[in-house]
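In the UniProt record's numbering, the protein residues as written are 1 to 298.
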């Protein structure tokens, strides 16, 4: 007689697989892109150099030595000197702080102005949406740099005024992005459910609407960082941003332009720095947009 062994079915429920958050999935996809990794690595290097500038820079960026004006590239002066004998490499490194701070504060001002008004217009609709949208359209119809120049003409030159002016210029763009996303979210059933249980408007905006507009807001804000850096460099080139003797990439470009015949290569260090940093911001912004679009299609 053959004995038959019967295996009893396991009663233990299989442990559920951990669910990865959408933001973690997006970050993982972002880091799979070589261009994104290179851009993030470049910005990380800039941040480290900005923090360690007093120890990394070989010379004091403000010390002048007229006898060493327009010195060539040497072991003592890696990128030569400018018209006042100041070390170009030291000024370039110290200018990283302003190059990162100016876009950050400019976009921060734009977020403070554009996000609340965009959420309010997208959820409230009616006359609120009409008034804010017409105002945003009017501001967007103006050339951005000319609008910033008009603001600076009223409040005066200086880095702080430039950052505020650029924030005002960028705010309508963020308003349109947030308003459009908020209007789409406002049509969802969970918004009606939240209203039906008596949730206040501010709670609906903070808990339900804002998390759903964060993705397009992040994409636009990242791209605006590059535009803010380019705009700040242009305004500093015109003498309206960072004032002497402080170092900025825009003011260094102006010095190189004024002395282009004496030092034709002086434009390369600040010019390359501006181009690479703007390209890094744009690359990250485009990558975030592609990742978020792919996530939405799923």
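For each residue, glycine too, the CB sits at the ideal point set by N, CA and C.
Per-residue DSSP class, three states only, for residue i
i           : result
residue 74  : coil
residue 82  : coil
residue 87  : strand
residue 261 : coil
residue 1   : With a pLDDT of only 46 at residue 1, under 50, the local geometry of the prediction cannot be trusted, and the value read off the model is given with reservation. Coil at residue 1, not helix or strand.
residue 203 : helix
residue 291 : helix
residue 242 : coil
residue 25  : helix
residue 59  : coil
residue 280 : helix
residue 267 : coil
Enclosing alpha helix (DSSP H) for residue i [first to last residue]
i           : result
residue 36  : 34 to 51
residue 231 : 210 to 237
Buried/exposed call for residue i, threshold 16 Cβ in 10 Å
i           : result
residue 1   : At residue 1, the pLDDT of 46 sits below 50, so the modelled position is not reliable; the number obtained from the coordinates is stated separately. Per the 10 Å Cβ criterion, exposed.
residue 262 : exposed
residue 155 : exposed
residue 293 : exposed
residue 220 : buried
residue 236 : buried
residue 202 : exposed
*Contact the stretch 53 to 60 vs the stretch 87 to 102: 3+ CB pairs below 8 Å*: yes
*Which runs of the alpha helix (DSSP H) spanning at least 4 residues fall entirely within the stretch 97 to 154, listed in chain order?*
126 to 140
*Inter-stretch contact at 8 Å, needing at least 3 Cβ pairs: the stretch 123 to 139 / the stretch 71 to 81*: no
*Quick check: the stretch 54 to 69 against the stretch 121 to 135, are there 3 or more CB pairs under 8 Å?*
no
*Count the CB pairs spanning the stretch 171 to 183 and the stretch 107 to 119 that are closer than 8 Å, and state whether there are at least three.*
Contact annotation: the stretch 171 to 183 touches the stretch 107 to 119, with at least three C-beta pairs closer than 8 Å.
*Okay, do the stretch 33 to 43 and the stretch 279 to 296 touch, 3+ Cβ pairs below 8 Å being the bar?*
yes
*Just checking, does the stretch 229 to 241 make contact with the stretch 186 to 198 on the three C-beta pairs under 8 Å criterion?*
no
_For the structure I just gave you, are there three or more beta carbon pairs, one from the stretch 146 to 153 and one from the stretch 246 to 260, closer than 8 Å?_
no
*Ignoring anything shorter than 4 residues or poking outside the stretch 163 to 196, list the alpha helix (DSSP H) runs there in chain order.*
189 to 196
*Contact between the stretch 95 to 104 and the stretch 240 to 258: three or more CB pairs below 8 Å?*
Two segments are said to touch when three or more pairs of C-beta atoms, one from each, lie closer than 8 Å; by this definition the stretch 95 to 104 touches the stretch 240 to 258.
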